[in-house]
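Notes for the one structure printed next.
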Amino acid sequence: MSSAFSVPVPGSVGPAPAARHPKPKLIGGFLAAIITLHLLALTAFLPYVFSWWGVASLLVTNFIFGSIGINLAYHRLLTHRAVEFPLWLERVFTLCGVCCLEGSPLWWVMNHRVHHQKSDHDGDPHSPRESFFWGHMGWIYIHDAERYRLATYEKYVPDLMADPFHRWLHRGNKWVLVYLAHALLIAAAGFAVGFAVMDTTAEAVRLGVQVFVWGVVVRTVYVLHISLAVNSFAHRFGYRNYETTDESRNNWWVALLTNGEGWHNNHHAAPRTCSQGHRWWELDLTFTFVRALELVGLAKNVVPVKVASYKQMGGAE
Ligand SMILES: [Zn+2]
Ligand SMILES: [Zn+2]
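The sequence shown begins at 192 in the working numbering and counts up one residue at a time.
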């Protein structure tokens, strides 16, 4: 994994003036990791690895890691402060996001705050206006030295920079180690269950392999693509409830797969609002989960829908 995601240590020597606008360069290690994961994910179609319970498990694991880790922790909590949790729960949810291999919280939140400020205009890290592939995943393994400077982090994520937990995860790419550790744990659990319940060693090993491929590899690739689909598909295809200054769209199938993040035009109209479904039928299970936590006293200060600063389009309630 490249060190491109590392935050320069405050006080360290910065780049020479001549290197302040270098050409973006490929993060080879990250690209190699992404390609390897995609190739490994294809093994899920082999008869030895395929299983219908593996397919069904994606519903649960996507909710735990994708919806709670990325949608709720990385996005609505850390980026937009749309809700508050006890610190221990915030950490647990954040670590679920780290286990999605979508970068450190510092890196993810910085990019997303820049996206909201410059959405579909110059400086947007991942607008599909450049090209659909760029908006989907071309941008994630390109190191933009201008954007990934210490000054950019200080400007966009001073709150997370002040938190030793986030600095620890980010420096030296320790978030990657957390990802690898969780992958090993899930694989070990799969093999342990296999040897406990199966009659033969061959059956036990097969179960361990299946748990690893479906519980780690396929789930990582699946969550990655549906997260990225918000940046690509939901900035090009779908309907708009609000006249925003970007190309954001409400895309129903992205919303269903991501448990709510696809109502992206709503989100751009009211970024701090915790619920991304604004009409009664715009299902947002991530927000339903927040409501459940609120009922048992684990969530508070949930930011309500506020879109007064945007002109609503005709027909929107
Ligand atoms: Zn957007
Ligand atoms: Zn956002």
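Ideal placement from N, C-alpha and C gives every residue a C-beta, glycine not left out.
What residue ranges within the region 399-460 form continuous beta strand (DSSP E) runs of no fewer than 3 residues, ordered along the chain?
Here no run is fully enclosed.
What residues match up with Glu275 in a beta bridge as DSSP calls it?
Sequence index remark: in the sequence shown, residue 275 carries index 84 (1-based). Per DSSP, Lys491.
Ligand 1 and Ser322: does any heavy atom of the ligand fall closer than 7 Å to the residue's C-beta?
Along the sequence shown, one-based indexing puts residue 322 at 131. Taking 7 Å as the cut-off, the C-beta of Ser322 does not count as close to any heavy atom of ligand 1.
Within 10 Å of its beta-carbon, does Leu297 have 16 or more other beta-carbons around it, so buried, or fewer, so exposed?
Reading the sequence shown from its first residue, position 106 is the one you call residue 297. Buried.
Would Ala490 pass as a contact of His455 if the rule is Cβ separation under 8 Å?
Taking the sequence shown and counting its residues from 1, one reaches residue 490 at position 299. Taking the sequence shown and counting its residues from 1, one reaches residue 455 at position 264. No. Outside cutoff.
Going straight from the alpha carbon of Phe236 to that of Thr436, what length do you get?
The residue given as residue 236 occupies position 45 in the sequence shown. The residue given as residue 436 occupies position 245 in the sequence shown. Each residue's Cα considered, the two are about 42 Å apart.
Which stretch, first to last residue, makes up the alpha helix (DSSP H) that contains Leu364?
Start at 1 with the first residue of the sequence shown, and residue 364 comes out as number 173. The sequence given here places Asn at residue 364; Leu does not occur at that position. Looking at the DSSP string, Asn364 is not in any alpha helix (DSSP H), and its letter there is neither H nor E.
Kindly identify the DSSP beta-bridge partner or partners of Ile333.
Within the sequence shown, numbered from 1, the residue matching residue 333 stands at position 142. In the DSSP output, where bridge partners are listed per residue, Ile333 has Leu217.
Between which residues of its own chain and Ser242 is the CB-CB distance below 6 Å, once the five residues before and five after are set aside?
Here residue 242 refers to the residue found at position 51 when the sequence shown is read from its first residue. Gln401, listed in sequence order.
For Thr449, count neighbouring Cβ atoms within 10 angstroms of its own Cβ and tell me buried if that reaches 16, exposed if not.
Indexing the sequence shown from 1 puts residue 449 at position 258. Buried.
Hey, is His317 close to ligand 2, as in C-beta under 7 Å from one of its heavy atoms?
Here residue 317 corresponds to residue number 126 of the sequence shown, with the count starting at 1. Answer for His317: no, Cβ out of range of ligand 2.
Does the beta carbon of Pro296 fall short of 7 Å from some heavy atom of ligand 2?
As a position in the sequence shown, residue 296 is number 105, starting the count at 1. Not so, every heavy atom of ligand 2 lies at least 7 Å from the Cβ.
Just how far apart, CA to CA, sit Ala446 and Gly363?
For this step, residue 446 is matched to residue 255 along the sequence shown. For this step, residue 363 is matched to residue 172 along the sequence shown. Going by the C-alpha atoms only, they are around 34 Å apart.
Hey, out of Arg340, Trp405, Ser466, Tyr344, whose CA is closest to Asn492's CA?
What you label residue 492 is simply residue 301 of the sequence shown in a count that begins at 1. Closest by C-alpha distance to Asn492, out of Arg340, Trp405, Ser466, Tyr344, is Ser466.
Within 7 Å: the Cβ of His312 and any heavy atom of ligand 2?
Your numbering for residue 312 matches position 121 in the sequence shown. No, since every heavy atom of ligand 2 falls outside the 7 Å radius drawn around the Cβ of His312.
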